[in-house]
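Protein chains in written order, with this note's numbering: chain G, 132 to 397; chain P, 6 to 253.
Ideal Cβ positions, reconstructed from N, Cα and C, are used throughout, including at glycine.
Quantities reported herein were computed from a predicted structural model and do not represent experimental measurements.
Following: one structure in structure tokens, then a few remarks.
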């Protein structure tokens with residue numbers, strides 16, 4: 132492969148009205164890499180993922196996902212990735228198996244392979260015994276594990292995870308990270324995740340992009356970031372780069388937009 | 006084809022799993038059959054129009070299909086709020102397939118609901134001359150169901166939440182029903198009402214369904230078929246377009 136960047140983003144901008152949620156992002160993710168967007172809520176992480184995954188049109192800039200343009204080649208782009216959204220996205224009235232079956236058919240996975248893959252993945256995330264239970268009987272952690280299994284069903288090249296451990300207890304969080312890392316090793320899949328937990332970025336990612344107020348402040352391995360800021364922890368590096376702690380702003384991009392809007396309409 | 010099938014199957018599973026919804030939505034048709042069918046029956050007979058229950062049964066069947074179809078379409082708003090819509094939108098299928106799959110799924114559910122109401126009205130004394138009529142009835146039930154599921158789906162693709170729901174019920178669904186000739190014959194009504202009824206797509210569904218049973222049509226069999234199927238095709242086109250514009 133001439134180009135070993137599986138994701139390439141150049142000058143990506145997203146504006147909602149006059150509020151700039153994503154401000155001129157440029158970055159690359161290498162094939163097989165685990166890449167993290169680390170930043171507070173409202174930094175533009177989810178908005179960026181939505182643009183990379185065809186759910187939202189950028190205001191300007193260019194994106195390449197597995198060599199495809201998510202704006203002009205939606206179909207090919209959609210086939211290239213799997214995704215775990217920040218909010219739950221399962222059908223509560225269907226069983227675990229049915230949710231995966233729905234996904235497999237929409238992604239055109241042939242019947243024999245589909246059955247085999249569903250069984251394999253459900254066992255992988257320890258939900259095989261519960262395959263015929265309705266999702267409404269599942270805990271938050273179980274739902275999240277099922278969503279991970281679902282996102283991998285069609286053998287995607289890239290796996291997007293938007294705050295995959297949000298709202299889960301520490302034990303479940305660890306559990307989920309061990310799955311994701313194992314996957315990256317076993318299937319050679321490129322992982323792109325967002326988080327506002329320092330420890331997750333430090334532990335799981337090969338490279339981290341620190342994102343704040345819609346801008347990438349710095350990109351590099353954790354070692355590089357520490358070296359650059361002459362700090363000993365990612366917390367300190369973050370503070371040194373952005374001038375504030377990560378917990379300062381507990382608002383989502385949408386809320387920030389609304390607050391901004393209200394301020395201006397007064 | 007498989008994608009359309011699984012979208013269709015999902016709607017059916019959801020419907021058959023929520024018994025309370027299935028049973029709950031029978032309350033209104035029963036009330037209409039009893040209160041109007043029996044209540045207005047003597048007046049209708051006195052006016053020399055015959056058996057009112059025979060007259061409104063097709064109207065009430067149409068009503069239950071209309072309501073179920075619109076609701077099924079609007080269910081997309083729930084999908085949006087509970088996050089499941091993202092899973093469908095991000096899948097590598099055309100927006101046309103999503104629209105068709107959802108419309109077929111919702112319409113099947115609505116036809117099923119219509120059949121239950123048909124059986125109920127037989128229980129209340131509604132009579133069908135010969136069973137040869139049943140295929141023609143089913144065709145019209147399906148056409149009504151397709152039309153209004155497509156409409157509900159198209160509307161839901163532009164609504165963010167259930168806020169606009171009351172508006173749709175009061176200014177769209179209720180007028181569709183009450184102005185369609187479901188409850189009264191369109192012959193001899195004031196001109197204004199006749200014009201309104203002729204732009205209400207449900208009028209053609211009711212007319213077709215009633216005509217299938219009695220053999221006499223107000224608009225005519227072919228006009229009913231043409232209006233219902235072309236309106237459905239247009240709405241599916243609009244719905245597909247609106248789906249392709251959804252951003253989350």
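Close beta carbons around residue 194 of chain P, own chain, < 7 Å, minus the five adjacent residues each side: Counting from 1 along the second chain, the entry for residue 194 of chain P is found at position 189. Answer for residue 194 of chain P: no residue qualifies.
Alpha carbons only, please: which of G:181, G:226, G:373 and G:193 is nearest the one belonging to residue 213 of chain G? In the first chain, residue 213 of chain G corresponds to position 82, counting from 1. When only C-alpha atoms are compared, the closest one is G:181.
Answer yes or no: do residue 194 of chain G and residue 140 of chain G have a C-beta to C-beta separation smaller than 7 Å?
-> Translated into the one-based positions of the first chain, residue 194 of chain G becomes position 63. Translated into the one-based positions of the first chain, residue 140 of chain G becomes position 9. Their beta carbons are under 7 Å apart, which means residue 194 of chain G touches residue 140 of chain G by this criterion.
- So does residue 127 of chain P have its beta carbon nearer than 6 Å to some heavy atom of the ligand SAH? For the structure depicted, the ligand SAH is absent and the ligand set is empty, with no information on it obtainable.
Which ranges would you report for the alpha helix (DSSP H) in the stretch 149-222 of chain P if only whole runs of at least 4 residues count? 170-173, 179-183, 196-204 and 206-219
Could you give the DSSP three-state label for residue 229 of chain P: helix, strand or coil? Position 224 of the second chain, counting from 1, holds the residue named residue 229 of chain P. Helix.
**Q.** Minimum C-alpha distance to residue 338 of chain G - residue among G:345, G:344, G:327 and G:356
**A.** Numbered from its first residue, the first chain carries residue 338 of chain G at position 207. Checking every option, the nearest Cα to that of residue 338 of chain G belongs to G:356.
- Message: Using DSSP's beta-bridge definition, name the partner residues of residue 256 of chain G.
- Response: Residue 256 of chain G sits at position 125 when you count from the first residue of the first chain. Answer is none; residue 256 of chain G lacks a bridge partner.
Between which two residues does the beta strand (DSSP E) carrying residue 146 of chain G extend?
Stepping through the first chain from its first residue, residue 146 of chain G is reached at position 15. Here the beta strand (DSSP E) through residue 146 of chain G covers 136-147.
Q. So with Cβ pairs under 7 Å, would you call residue 19 of chain P a contact of chain G?
A. For the purposes of this step, residue 19 of chain P is taken as residue 14 along the second chain, with counting starting at 1. So yes, residue 19 of chain P belongs to the interface.
- Query: Quick one: complete alpha helix (DSSP H) runs, 4+ long, within the stretch 259-327 of chain G?
  - Reply: 271-283 and 301-318
Checklist line | Straight-line gap, residue 46 of chain P to residue 224 of chain G (C-alpha atoms, nearest Å) | finding: Counted from its first residue, the second chain places residue 46 of chain P at position 41. Counted from its first residue, the first chain places residue 224 of chain G at position 93. Distance between the alpha carbons of residue 46 of chain P and residue 224 of chain G is about 43 Å.
For residue 32 of chain P, which of P:21, P:68, P:44 and P:50 has the nearest alpha-carbon? Start at 1 with the first residue of the second chain, and residue 32 of chain P comes out as number 27. The candidate whose alpha carbon is nearest that of residue 32 of chain P is P:68.
> Is residue 88 of chain P helix, strand or coil by DSSP?
Replying inline: Residue mapping note: residue 88 of chain P aligns to position 83 of the second chain, counting from 1. DSSP places residue 88 of chain P in coil when its eight states are reduced to three.
Take residue 65 of chain P as the anchor and find which of P:232, P:208, P:187 and P:18 has the nearest alpha-carbon. For the purposes of this step, residue 65 of chain P is identified with residue 60 of the second chain, where counting begins at 1. Considering only alpha carbons, the answer is P:187.
*asked:* Please report whether the beta-carbon of residue 269 of chain G lies at a distance below 7 Å from any beta-carbon of chain P.
replied: Here residue 269 of chain G refers to the residue found at position 138 when the first chain is read from its first residue. So no, residue 269 of chain G is outside the interface.
- Query: Which same chain residues, not among the five before or five after residue 223 of chain P, have their C-beta less than 6 Å away from its C-beta?
  - Reply: Residue mapping note: residue 223 of chain P aligns to position 218 of the second chain, counting from 1. Once the five neighbours on either side are set aside, the close Cβ partners of residue 223 of chain P are 191 and 212.
Q.
Looking only at its chain, what residues have a beta carbon closer than 7 Å to the beta carbon of residue 251 of chain P, apart from the 5 residues adjacent to it on each side?
A. Start at 1 with the first residue of the second chain, and residue 251 of chain P comes out as number 246. The answer, listed in chain order, is 94 and 162.
(Q) Within 7 Å of any Cβ in chain G, is that where the Cβ of residue 163 of chain P sits? (A) Along the second chain, read from residue 1 onward, the residue named residue 163 of chain P stands at position 158. So, not an interface residue.
**Report entry** Among P:98, P:89 and P:97, the one whose alpha carbon lies nearest that of residue 221 of chain G
**Finding:** As a working note, residue 221 of chain G is residue 90 in the first chain. Looking at the Cα atoms, P:89 is the closest of the given residues.
>> Counting only beta-carbon separations shorter than 7 Å, does residue 279 of chain P have a partner in chain G?
In response: Since the displayed chain P opens at 6 and closes at 253, residue 279 of chain P lies outside it and no answer follows.
So with CB distances below 9 Å, who are the chain P contacts of residue 206 of chain G?
The residue you call residue 206 of chain G lines up with position 75 of the first chain. Simply 97, 98 and 99.
* Asked: To which residues of the same chain is residue 151 of chain P closer than 7 Å at the C-beta, ignoring the five residues directly before and after it?
  -> Locating residue 151 of chain P in the second chain gives position 146, where the first residue counts as 1. Closer than 7 Å at the Cβ level, and outside the excluded window around residue 151 of chain P, lie 108, 112 and 237.
Would you grab the beta carbon distance between residue 91 of chain P and residue 324 of chain G for me? Rounded to a whole angstrom, and I think it's under 8 Å. Taking the second chain and counting its residues from 1, one reaches residue 91 of chain P at position 86. Taking the first chain and counting its residues from 1, one reaches residue 324 of chain G at position 193. Not confirmed; about 17 Å, so no contact.
Check: So who's on the other strand from residue 332 of chain G, going by DSSP bridges?
Finding: On the first chain, residue 332 of chain G is found 201 positions in, with the first residue counted as 1. Looking at the DSSP assignment, residue 332 of chain G forms no beta bridge with any residue, so it has no partner.
### Message
I need the straight-line Cα distance from residue 380 of chain G to residue 13 of chain P, nearest angstrom please.
### Response
The residue labelled residue 380 of chain G in the question sits at position 249 within the first chain. The residue labelled residue 13 of chain P in the question sits at position 8 within the second chain. In this prediction, residue 380 of chain G scores a pLDDT of 49, lower than 50, which makes its location untrustworthy; the coordinate-derived value is nonetheless stated afterwards. Cα to Cα, the separation comes out at about 43 Å.
### Message
Per DSSP, what are the beta-bridge partners of residue 134 of chain P in this structure?
### Response
The residue you call residue 134 of chain P lines up with position 129 of the second chain. Its beta-bridge partners do not exist; DSSP assigns none.
TODO: Taking a Cβ distance cut-off of 8 Å, strictly less, list which residues of the stretch 217-230 of chain G are near chain P, in chain order.
DONE: 218, 219, 220, 221, 222, 223, 224, 225 and 229
Margin query: Suppose you measure from the CA of residue 288 of chain G to the CA of residue 233 of chain P; what does that come to, to the nearest Å?
Written below: Position 157 of the first chain, counted from the start, is the residue given in the question as residue 288 of chain G. Position 228 of the second chain, counted from the start, is the residue given in the question as residue 233 of chain P. Going by the C-alpha atoms only, they are around 45 Å apart.
Tell me where the beta strand (DSSP E) around residue 28 of chain P begins and ends. Taking the first residue of the second chain as 1, we reach residue 28 of chain P at position 23. Unbroken run through residue 28 of chain P is the alpha helix (DSSP H), 24-29; no beta strand (DSSP E).
*Residue environment, residue 245 of chain P, which counts as buried when at least 16 other CB atoms sit within 10 Å*: For the purposes of this step, residue 245 of chain P is taken as residue 240 along the second chain, with counting starting at 1. Buried, since its Cβ has 16 or more Cβ neighbours within 10 Å.
Helix, strand or coil for residue 361 of chain G, going by three-state DSSP, please let me know.
Position 230 of the first chain, counted from the first residue, corresponds to residue 361 of chain G. It is coil, neither helix nor strand.
Could you pull out every residue in the same chain whose Cβ sits closer than 7 Å to the Cβ of residue 264 of chain G, ignoring the five residues on either side in sequence? Sequence index remark: in the first chain, residue 264 of chain G carries index 133 (1-based). Hits under 7 Å: 226 and 227.
Hey, quick one: how far does the beta strand (DSSP E) through residue 208 of chain G stretch, first residue to last?
The residue you call residue 208 of chain G lines up with position 77 of the first chain. Looking at the DSSP string, residue 208 of chain G is not in any beta strand (DSSP E); the run it does join, the alpha helix (DSSP H), is 205-211.
- Task: For residue 11 of chain P, go through chain C and note every residue whose CB falls closer than 8 Å to its CB, in chain order.
- Result: The structure shown contains no chain C; its protein chains are G and P.
Handout entry: Selection from G:208, G:142 and G:237 that minimises the alpha carbon distance to residue 9 of chain P
Key = Here the question's residue 9 of chain P lines up with position 4 in the second chain. Residue 9 of chain P has its Cα closest to that of G:237, out of G:208, G:142 and G:237.
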